[in-house]
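S.K.:
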Amino acid sequence: MSSFFRVLTAEGLKLRRTLAFRLAVLAPLFIVILQFTIELVRGDEESGAPPGTNPLMGFAQGILTFWTIVLLPFCAALIAALLAALEHQGENWKHLLALPVPRTCIFAAKWIAAVGLLSLSSAVLVAAYCLAAGILQAVKPGWSAASWPLPTIIQRAFLGLCATSLLLSIQMWISLRWRSFIPGLAVGVVSLVVNIIILPAGMFAANLFPWCLPAIAMAPHSPHRVLGVAWGLLGGVALGMIACWDLSHQEHQ
Amino acid sequence: MTDSPAIETRELTRRFGSRTALQSLALCVPQGCIYGFLGPNGAGKTTTIRLLLGLLRPHQGSIFLYGEPFTWERRDLLRDVGALVETPSLYPHLTGRENLDLTRRILGLPIARVAESLELTGLCADAGRVVRTYSLGMRQRLGLALAWLGKPRLLILDEPANGLDPAGTREWRALLRQLAKEHQVTVFLSSHLLSEVEHVADHIGVINRGQLVFQGEIGNLRGCQPPLIVRVDRPHEAAHLLRAGGWRVVEDSNHALSVQAASETDAALVNRALVMGGIHVCELCRQEDTLEDLFLRLVAQADAGGAI
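Those sequence lines, one after another, are chains A and B.
Counted from 1, the first sequence has number 271 at position 173 by our numbering; the numbering is strictly sequential.
Counted from 1, the second sequence has number 55 at position 21 by our numbering; the numbering is strictly sequential.
1) Output the distance between the C-alpha atoms of residue 175 (chain A) and residue 236 (chain B), rounded to the nearest integer angstrom.
2) Under the three-state reduction of DSSP, which class applies to residue 131 (chain A): helix, strand or coil?
3) Could you please give me the residues that DSSP links to residue 290 (chain B) through a beta bridge?
4) Is the CB-CB distance between residue 284 (chain B) and residue 314 (chain B) below 8 Å?
5) In the structure shown, what three-state DSSP assignment does residue 305 (chain A) receive?
6) Tell me residue 224 (chain B)'s beta-bridge partners as DSSP assigns them.
7) In terms of alpha-carbon separation, which member of B:199, B:107, B:53, B:292 lies closest to residue 318 (chain B)?
8) What residue does the alpha helix (DSSP H) around residue 138 (chain B) start on, and which one ends it?
9) Closest to residue 197 (chain B) by C-alpha separation, out of B:216, B:173, B:294, would be which residue?
10) Would you call residue 316 (chain A) buried or exposed, if buried means 16 or more other Cβ atoms sit within 10 Å of its Cβ?
11) Starting from the Cα of residue 272 (chain A), find the closest Cα among A:286, A:155, A:261 and give me that residue.
12) In chain B, which residues lie less than 9 Å from residue 202 (chain A) when you measure between Cβ atoms?
13) Return the first residue and the last residue of the beta strand (DSSP E) that residue 237 (chain B) is part of.
14) Buried or exposed for residue 309 (chain A), please, with buried defined as at least 16 other CB atoms from any protein chain shown within 10 angstroms of its CB.
15) Using the rule of at least 16 other Cβ atoms within 10 Å of the residue's Cβ for burial, across every protein chain shown, is residue 138 (chain B) buried or exposed?
16) Determine, for residue 168 (chain B), whether the minimum Cβ-Cβ distance to residues of chain A falls below 8 Å.
17) Does the Cβ of residue 305 (chain A) have 16 or more other Cβ atoms within 10 Å, making it buried, or fewer, making it exposed?
18) By Cβ distance below 8 Å, which residues in the same chain neighbour residue 261 (chain B) in space, the five residues on each side in sequence not counted?
19) Do you know offhand how far residue 164 (chain A)'s Cα is from residue 129 (chain A)'s?
20) May I ask you to report which of helix, strand or coil DSSP gives residue 157 (chain A)?
21) Using the three-state DSSP reduction, which class does residue 185 (chain A) fall into: helix, strand or coil?
22) Comparing alpha-carbon positions, which option in B:276, B:85, B:286, B:57 lies nearest residue 302 (chain B)?
23) What residue from B:213, B:55, B:91 has the CA that sits closest to residue 347 (chain A)'s CA?
24) Check whether the Cβ of residue 145 (chain B) lies closer than 8 Å to any Cβ atom in chain A.
25) Apart from the five residues on each side of it in sequence, which residues of its chain come closer than 6 Å, Cβ to Cβ, to residue 51 (chain B)?
26) Here's the rule: buried if 16 or more other CB atoms are within 10 angstroms of the residue's CB, otherwise exposed. What is residue 215 (chain B)?
27) Considering only residues of the same chain and omitting the five flanking positions on each side of residue 187 (chain B), which have a CB-CB separation below 6 Å?
28) Leaving out five residues before and five after residue 290 (chain B) in sequence, what residues of the same chain have Cβ atoms less than 6 Å from its Cβ?
29) Once you ignore the five residues that flank residue 257 (chain A) on each side, which residues in its own chain have a CB closer than 7 Å to its CB?
30) In whole angstroms, what is the alpha-carbon distance linking residue 241 (chain A) and residue 172 (chain A)?
31) Which residues in the same chain have their Cβ closer than 6 Å to the Cβ of residue 11 (chain B), if we skip the five residues on either side of it in sequence?
32) Can you give me the C-alpha to C-alpha distance between residue 98 (chain B) and residue 336 (chain A), rounded to a whole angstrom?
33) Can you have a look at residue 211 (chain A) and say buried or exposed, based on whether 16 or more other CB atoms are within 10 angstroms of its CB?
34) Taking 8 Å as the threshold (beta carbon to beta carbon), is residue 162 (chain B) in contact with chain A?
35) As a quick exercise: from A:198, A:132, A:187, A:311, pick the residue whose alpha carbon is nearest that of residue 104 (chain A).
36) Could you tell me whether the Cβ of residue 341 (chain B) comes closer than 8 Å to any Cβ of chain A?
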């Protein structure tokens with residue numbers, strides 16, 4: 099266990115000044131700024147939310163929808179590819195895998211680093227939402243009385259994150275297995291398109307398709323929400339373990 | 035156990051598809067020596083090193099590190115091993131110090147080891163710069179610092195002087211000698227730069243087409259007496275005369291003959307035979323082979339099917 103934590107602290111150090119780290123911070127900021135700008139342009143009385151509902155909840159719903167359907171799966175694909183590229187580009191596997199630590203620790207730490215970056219993204223999303231919502235309340239008189247749905251936002255962001263585990267494990271496995279950036283990104287982009295097609299169609303298959311799970315987990319009235327979160331989380335952990343076993347038994351030629 | 039070789043391989047064989055990269059390799063690297071592992075490109079040097087580091091699995095045979103059998107599951111034995119395989123494995127977005135700190139964390143070493151390694155490799159002044167701004171020589175030195183970080187008993191270096199300029203190469207030599215002398219480290223140095231190995235190694239192994247064609251001390255290799263070079267006015271006649279006397283002669287260019295004459299007495303006899311035969315001997319010397327000559331001769335003999 100101590101080997102694992104030692105490798106994990108090294109993974110943390112590796113993230114300094116990386117594109118993966120910047121992406122994890124900037125991607126949620128982008129979606130919040132976009133939604134914030136839309137709400138500002140709409141003027142004082144208008145709101146993206148249906149009449150009679152909490153405008154701050156409507157603001158959050160707009161952010162979370164775009165985040166779970168598009169940005170979160172895409173970020174997971176990019177982060178997995180960028181983390182793997184850190185080792186592939188410098189031929190660093192030959193150094194890492196020749197160190198006297200269990201190989202499973204090396205791959206498990208990489209997986210945890212990816213989860214950490216996506217958790218950071220979710221935290222930045224919630225923090226940026228709070229800031230933007232505070233500003234909107236100050237500049238839009240119609241919003242000043244709205245109550246803050248913060249627990250709901252945090253809960254949905256957390257559930258969406260849990261449900262992302264399965265697609266993240268798939269992306270990590272592909273990115274670590276192949277040197278090229280292309281397989282990981284191709285799978286990510288194609289799956290994203292499939293997600294956008296099958297999710298609105300309400301097909302049951304969407305409840306099993308890993309790239310749809312974050313959106314299902316965040317949807318407040320989805321009947322398959324629990325199934326989506328459980329499948330995403332448990333499937334992700336199981337697949338992550340299988341991937342670690344497979345990768346640690348690979349030769350490095 | 036203390037007298038066990040630092041590295042020993044028995045019948046080590048590795049194939050890639052139908053191609054046999056290594057065939058029954060039997061390395062024996064004594065403790066405390068600098069072992070030069072020589073071979074032309076594609077001879078199997080890097081495959082051997084990857085097997086020694088557990089990056090590849092052997093198809094046959096076994097590896098022993100300090101007498102302990104090294105297998106895929108016995109990664110703990112690598113605690114005594116530091117390695118630099120071809121280009122150093124560095125993260126260009128991190129500083130030199132951060133690169134070392136990263137491996138230090140994984141190995142669970144005290145923080146002072148980073149400063150010691152930087153000092154040994156002369157990188158203290160540049161340790162705060164990101165590695166992408168480093169020159170090739172500095173990267174190689176940082177690679178050595180990484181390999182040396184855990185103070186291993188065995189350093190495995192694969193083509194470490196690749197791409198270095200003459201000054202950088204000289205620095206490398208000095209560093210390796212310092213490590214071997216001051217820290218009693220065994221160095222396994224793979225290189226195709228024969229002159230590089232000649233200057234630092236005391237033992238060498240020569241590999242060609244996956245098979246070891248020579249292994250031993252450099253002195254033993256040199257012990258094979260180099261031929262006598264005889265420059266004469268009429269080389270063809272001289273060669274004929276000497277062959278008639280039972281000598282093995284090869285006619286060289288530039289009016290010179292290469293004569294297999296083991297002792298100084300033999301050299302005197304060759305001279306006398308030529309003079310008595312009316313040949314003018316302009317020069318008679320024994321040309322010391324460079325390691326490169328010996329290497330090329332060994333590889334040529336191995337290619338021709340001759341056992342060494």
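Virtual Cβ for every residue (Gly too), placed ideally from N, Cα, C.
M.R.: Reading it off the structure:
1) 52 Å
2) Reduced to three states, the DSSP call for residue 131 (chain A) is helix.
3) Beta-bridge pairing links residue 290 (chain B) to B:265.
4) no
5) In the structure shown, residue 305 (chain A) sits in a helix (DSSP, three-state: H, G or I).
6) B:71, B:192
7) B:292
8) 130-141
9) B:173
10) buried
11) A:286
12) Near residue 202 (chain A) there are no residues of chain B at all, since even the closest Cβ is about 11 Å away, more than 9 Å.
13) 237-242
14) buried
15) Taking every protein chain shown into account, the CB of residue 138 (chain B) has 16 or more other CB atoms within 10 angstroms, so this residue is buried.
16) no
17) buried
18) 284, 292, 293, 294, 295, 320, 321
19) 7 Å
20) Of the three classes helix, strand and coil, the one that applies to residue 157 (chain A) here is helix, per DSSP.
21) Look at residue 185 (chain A) here: in three-state DSSP terms it is helix.
22) B:276
23) B:91
24) It does not; no Cβ of chain A falls within 8 Å.
25) none
26) exposed
27) 114
28) Result list for residue 290 (chain B): 263, 265, in chain order.
29) 315, 316, 327
30) 32 Å
31) Since the first residue shown for chain B is 35 and the last is 342, residue 11 (chain B) is missing from the structure and cannot be characterised.
32) 36 Å
33) buried
34) no
35) A:198
36) Residue confidence for residue 341 (chain B) is low, a pLDDT of 43 falling below 50, so the modelled location carries little weight and cannot support an answer.
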